[in-house]
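Asks: Residue numbering for the sequence shown follows the numbering used here, starting at 21 and increasing by one per position. The C-beta atom is built at its ideal place from N, Cα and C for all residues, glycine as well.
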Amino acid sequence: RRGGDDRAISVAVGFAGFPPGAGAWQRAQHAIAQGAAGNHTLPRAVLIYSWGGTGREPVRFYSPWLGQLGKVHPLRHARSETGRWFDERVDLDADWRAAFGGDPPHLQEIAIGTDVDDTRSRVDAQIDRIRVTAC
């Protein structure tokens, strides 16, 4: 939900195509957002891998900000061990199919972010060596 979406860190993977189920409303909202974004081409769908949250979140859920164009996949909750590196591996193709169905479109961009405005927390999170490889 909006206002309860804080996380230590996230990696958002943006895709160039809409999900198979994207309707006219989602496409219209995207067009409005694209008009405001100027020269930066916005992805049409996003998989968000997050670290943080309560641990009670479902395996995947729709982003409160992107609706049916974005799915959040929590990888670790806020009470996970701290002070050490974790290796994470995801399967973008499988995660796309589980989130949206159909074959994934081309990968467009990767964004890294954090959000602590609701909890007013202090975060020290790092990401190193992002690799995208064919499976």
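1) Hey, how far is the Cα of A51 from the Cα of T61?
2) Output needed for A119: all residues of its chain with C-beta closer than 8 Å, excluding positions within five of it in sequence on either side, in chain order.
3) For P63, count neighbouring C-beta atoms within 10 Å of its own C-beta (all shown protein chains included) and say buried if the count is 16 or more, exposed if not.
4) Shortest alpha-carbon distance to Q54 belongs to which of G72, D123, L86?
5) Give the range of the beta strand (DSSP E) segment to which Q88 is assigned.
6) To the nearest angstrom, how far is the alpha carbon of L89 from that of A42?
7) Taking 7 Å as the cut-off, decide whether the C-beta atoms of D113 and P125 are in contact.
8) For F106, does the count of other Cβ atoms within 10 angstroms reach 16, so buried, or fall short, so exposed?
9) When you compare each of G37, R117, E101, G73 to Q128 by their alpha carbons, which one comes out closest?
10) From H97 to E108, what distance separates their C-alpha atoms?
Replies: In terms of the structure at hand:
1) The residue given as residue 51 occupies position 31 in the sequence shown. The residue given as residue 61 occupies position 41 in the sequence shown. For A51 and T61, the gap between their C-alpha atoms comes out near 11 Å.
2) Taking the first residue of the sequence shown as position 1, residue 119 is located at position 99. When the five nearest sequence neighbours on each side are left out, the beta carbons in the same chain lying within less than 8 Å of the beta carbon of A119 are those of P39, L67, R80, K91, H93, in order along the chain.
3) Numbered from its first residue, the sequence shown carries residue 63 at position 43. P63 is buried by the Cβ-count criterion.
4) The residue given as residue 54 occupies position 34 in the sequence shown. Answer by Cα proximity: L86.
5) On the sequence shown, position 68 is the one that residue 88 refers to. Per DSSP, the unbroken beta strand (DSSP E) holding Q88 starts and ends at 87-96.
6) Taking the first residue of the sequence shown as position 1, residue 89 is located at position 69. Taking the first residue of the sequence shown as position 1, residue 42 is located at position 22. Near 7 Å, if we compare the C-alpha coordinates of A42 and L89.
7) As a first step, residue 113 is located in the sequence shown; it is residue number 93 there, counting from the start. As a first step, residue 125 is located in the sequence shown; it is residue number 105 there, counting from the start. The criterion of a C-beta distance shorter than 7 Å is not satisfied by D113 and P125.
8) Mapped onto the sequence shown, residue 106 falls at position 86. Counting Cβ neighbours within 10 Å, F106 comes out exposed, since fewer than 16 surround it.
9) Within the sequence shown, numbered from 1, the residue matching residue 128 stands at position 108. With respect to the C-alpha of Q128, the residue from G37, R117, E101, G73 having the closest C-alpha is G37.
10) As a working note, residue 97 is residue 77 in the sequence shown. As a working note, residue 108 is residue 88 in the sequence shown. In this structure, the CA atom of H97 is about 14 Å from the CA atom of E108.
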